[in-house]
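**Q** Quick one: this structure, given as structure tokens, is what I'll be asking you about.
Protein chains: 2
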Amino acid sequence: MARVVVDVMLKPEILDPQGQAVQRALPRLGFEGIADVRQGKRFELEVEGPVDDAALARIREIAETFLANTVIEDFTVRIEADQAADAALAAQAES
Amino acid sequence: MARVVVDVMLKPEILDPQGQAVQRALPRLGFEGIADVRQGKRFELEVEGPVDDAALARIREIAETFLANTVIEDFTVRIEADQAADAALAAQAES
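So the protein lines, in turn, are chains A and B.
Under this note's numbering, the residue at position 15 of the first sequence is numbered 97, and the numbers go up by one with no gaps.
Under this note's numbering, the residue at position 79 of the second sequence is numbered 161, and the numbers go up by one with no gaps.
Take a look at the structure:
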């Protein structure tokens, strides 16, 4: 099973109070040198079957229609190899 | 300025009601073939100065102490090239 990751972040021009709160807290906690923090969401989707262009187009539609609010958020879709699944396959191949 | 991304996800053994809600909604909305959805957080940190091993160790400490709750969450830290900054540098180099 393949894993597809959808990252959803506020657009750069949109104020991010959560990220700002983290960024302002860092110096108080002894961490200097972080100029900016933005906080967003990460979705991991386990896809049944092959992740071909059609599947990716469908996932982009999912992301656009209801994982992200495209008025204020940008999203990216990318395939991530499921290491656990790969390891399981490798173990099967060995046995 | 370099960008470091911290991904924070619930540990696999921890129930993820947000992700489950998304996963259950998908078939109702006409999207089949997504076996599982997990929802987590993504932090983008803009780091001043070079991102060397010391900086990464400090960011791992930030992630561990207060971006993630390591009792229930796993986190990963990785460097991401800031494309906007790269483009700006390239433009400067050209001019």
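Note that beta-carbon positions come from the ideal geometry of N, C-alpha and C, so glycine has one too.
1) Mapping DSSP to helix, strand and coil, what is residue 160 of chain A?
2) Name, please, each residue of chain D whose Cβ falls closer than 9 Å to the Cβ of residue 117 of chain B.
3) I believe residue 89 of chain A touches residue 157 of chain A by the beta-carbon criterion, under 8 Å. Please report the beta-carbon distance rounded to the nearest angstrom.
4) Out of A:161, A:93, A:106, A:111, point me to the one whose CA is closest to residue 122 of chain A's CA.
5) Note down the Cα distance separating residue 138 of chain A from residue 159 of chain A, rounded to an integer number of angstroms.
6) Comparing alpha-carbon positions, which option in B:112, B:107, B:146, B:118 lies nearest residue 97 of chain B?
7) Could one say the Cβ of residue 123 of chain B lies closer than 8 Å to chain A's Cβ atoms, at least one of them?
8) CB residue 104 of chain A to CB residue 161 of chain A, shorter than 8 Å?
9) Rounded to the nearest angstrom, what separates residue 116 of chain B and residue 129 of chain A at their Cα positions?
**A** With the structure as the only source:
1) If DSSP states are grouped into helix, strand and coil, residue 160 of chain A belongs with the strands.
2) Although the question refers to chain D, the structure presented lacks it and instead comprises the protein chains A and B.
3) Cβ-Cβ separation between residue 89 of chain A and residue 157 of chain A: approximately 6 Å, consistent with a contact (criterion under 8 Å).
4) For residue 122 of chain A, the closest alpha carbon among the candidates A:161, A:93, A:106, A:111 is that of A:93.
5) Going from the Cα of residue 138 of chain A to the Cα of residue 159 of chain A covers about 8 Å.
6) Per the Cα distances, B:118.
7) Taking Cβ atoms only, chain A reaches closer than 8 Å to residue 123 of chain B, which makes this a yes.
8) In this structure, residue 161 of chain A does not lie closer than 8 Å to residue 104 of chain A by Cβ.
9) Going from the Cα of residue 116 of chain B to the Cα of residue 129 of chain A covers about 5 Å.
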